[in-house]
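Take a look at the structure set out below.
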Amino acid sequence: MKNNVSALIVGVVFAVGLAVSGMTQPSKVIGFLDVFGNWDPSLMFVMIGAIFVHFISFRLIVKREVPWFSENWHIPNRKDVTPALVWGGVIFGFGWGLGGYCPGPAVTSLASLQTRPLIFVASLVAGMLIFRVVDKKVKFKK
Amino acid sequence: MQTAWLMALLGGSLIGLSVSLMLLWNGRVTGISGIINGVLTPIRGDTEWRWYFIGGLLLGGFGMNLWDPSVFYGQLETDTWTVVLAGLLVGFGTILGSGCTSGHGVCGISRLSPRSLVATLVFIAAGVLAVTVLRSLGVLP
Numbered sequence: 035m036k037n038n039v040s041a042l043i044v045g046v047v048f049a050v051g052l053a054v055s056g057m058t059q060p061s062k063v064i065g066f067l068d069v070f071g072n073w074d075p076s077l078m079f080v081m082i083g084a085i086f087v088h089f090i091s092f093r094l095i096v097k098r099e100v101p102w103f104s105e106n107w108h109i110p111n112r113k114d115v116t117p118a119l120v121w122g123g124v125i126f127g128f129g130w131g132l133g134g135y136c137p138g139p140a141v142t143s144l145a146s147l148q149t150r151p152l153i154f155v156a157s158l159v160a161g162m163l164i165f166r167v168v169d170k171k172v173k174f175k176k
Numbered sequence: 006m007q008t009a010w011l012m013a014l015l016g017g018s019l020i021g022l023s024v025s026l027m028l029l030w031n032g033r034v035t036g037i038s039g040i041i042n043g044v045l046t047p048i049r050g051d052t053e054w055r056w057y058f059i060g061g062l063l064l065g066g067f068g069m070n071l072w073d074p075s076v077f078y079g080q081l082e083t084d085t086w087t088v089v090l091a092g093l094l095v096g097f098g099t100i101l102g103s104g105c106t107s108g109h110g111v112c113g114i115s116r117l118s119p120r121s122l123v124a125t126l127v128f129i130a131a132g133v134l135a136v137t138v139l140r141s142l143g144v145l146p
């Protein structure tokens with residue numbers, strides 16, 4: 035139960051951060067990606083702020099034996115750069131540029147009760163399900 | 006202009022704080038695509054927290070919408086099919102590439118994961134390329 039409540043609180047803070055930063059405005063995201071056009075670099079500071087905080091906190095937190103509400107750490111430790119990683123990034127990046135939403139801002143924007151975020155999230159879930167079907171046939175080496 | 010930069014920095018710091026709390030409390034990386042993908046194949050003991058997290062995103066979103074609905078403005082004036090295609094690509098691509106802006110871009114880069122550094126450079130470059138091409142084709146306004 036404790037790790038459910040903690041996940042809820044993390045979700046709230048994350049959503050507020052996204053909304054405050056401008057990440058929930060697709061036109062702003064497109065402006066950030068429009069480097070060779072009418073570039074709006076302000077969203078760069080979202081990553082700078084987030085990484086600055088977490089770069090420091092990560093090192094302090096993992097000094098602990100275990101997290102507060104779990105018996106062990108669940109941190110990915112793979113280091114191999116695979117074609118799937120790169121192609122996944124290409125496909126995701128293209129969709130990001132086309133729609134102006136990455137997953138977090140899209141889910142958060144459902145709360146605005148607009149149609150487009152809803153269509154986007156439904157399609158995103160469909161894309162994840164299509165991945166499973168294709169993966170069963172092709173067996174991507176992730 | 007300056008306000009936008011400061012808000013971005015403030016929002017980014019809140020995102021950094023939230024992923025830090027997830028790590029400190031639950032020992033987990035906050036990767037939104039992975040969290041969503043996890044609820045699509047429920048595993049006993051590893052699903053409930055994901056729903057709570059998604060509930061938290063919605064709750065935070067509702068709060069922000071009450072406080073200042075303009076944070077959700079700026080919808081693109083593009084055809085509906087572009088939204089569908091964008092969602093499909095983002096869903097497929099983030100699972101193939103094992104992460105999105107949060108998991109790779111924030112959590113992974115903060116721990117200097119080589120995979121996440123590569124993935125982030127690739128999806129930003131692909132996003133820039135997409136916007137440049139789609140603008141010139143007239144798909145994006």
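Line by line, the protein sequences give chains V and C. Per this note's numbering, the first sequence starts with residue 35, numbered consecutively. Per this note's numbering, the second sequence starts with residue 6, numbered consecutively. Think of the CB as a built atom: it goes at the ideal place given N, C-alpha and C, for glycine as much as any other residue. In this text the structure is predicted, and so the values were computed from the model without any measurement.
Check	Outcome
Chain-ordered chain C contacts of V87 (chain V) [CB-CB under 7 angstroms]	S18, G21, L22, S25
F70 (chain V) burial status per 10 Å Cβ neighbour count (16 or more: buried)	exposed
The stretch 66 to 87 of chain V: positions lying closer than 7 angstroms to chain C by Cβ	L67, D68, V69, F70, G71, S76, L77, F79, V80, M81, I82, G83, A84, I85, F86, V87
Whole-angstrom distance between F97 (chain C) and R166 (chain V), CA atom to CA atom	9 angstroms
Alpha helix (DSSP H) segment containing Q7 (chain C), residue limits	7 to 31
Residue range of the alpha helix (DSSP H) that includes I48 (chain V)	It is Phe, not Ile, that sits at residue 48 (chain V) in the sequence shown. First-last of the alpha helix (DSSP H) with F48 (chain V): 36 to 55.
Chain V contact for P47 (chain C) (CB, 8 angstroms cutoff)	no
Candidates C:W30, C:V89, C:Y57, of which the one nearest L95 (chain V) by Cα	For clarity, residue 95 (chain V) is Ile in the given sequence; the question names Leu instead. When each option's Cα is compared against that of I95 (chain V), the closest is C:W30.
8 angstroms Cβ cutoff, G65 (chain C) in contact with chain V	yes
Cross-strand partners of H109 (chain C) (DSSP beta bridge)	DSSP, once it has assigned bridges, lists no residue as partnering H109 (chain C).
Proximity test, Cβ basis, 8 angstroms: G50 (chain C) and chain V	no
CA nearest to the CA of A160 (chain V), picked from C:I40, C:L93, C:A124	C:L93
CB contact flag (P60 (chain V), G79 (chain C), <8 angstroms)	yes
Chain C contact for K176 (chain V) (CB, 8 angstroms cutoff)	yes
Enclosing alpha helix (DSSP H) for R140 (chain C) [first to last residue]	119 to 142
Interface residues of the stretch 131 to 145 of chain C facing chain V [CB-CB below 7 angstroms]	A131, G132, V133, A135, V136, T137, L139, R140, L145
Validate contact between the stretch 54 to 61 of chain C and the stretch 74 to 89 of chain V using beta carbons, cut 8 angstroms, 3 pairs	no
Minimum Cβ-Cβ distance from K97 (chain V) to chain C less than 8 angstroms	no
Whole-angstrom distance between E99 (chain V) and L132 (chain V), CA atom to CA atom	43 angstroms
Terminal residues of the alpha helix (DSSP H) in which E53 (chain C) lies	53 to 72
Whether V127 (chain C) touches V80 (chain V) by CB criterion (8 angstroms)	no
Closer than 8 angstroms at the beta carbon, the chain C residues around K113 (chain V)	S118, P119, R120
Interface flag, G43 (chain C) vs chain V, CB-CB below 8 angstroms	no
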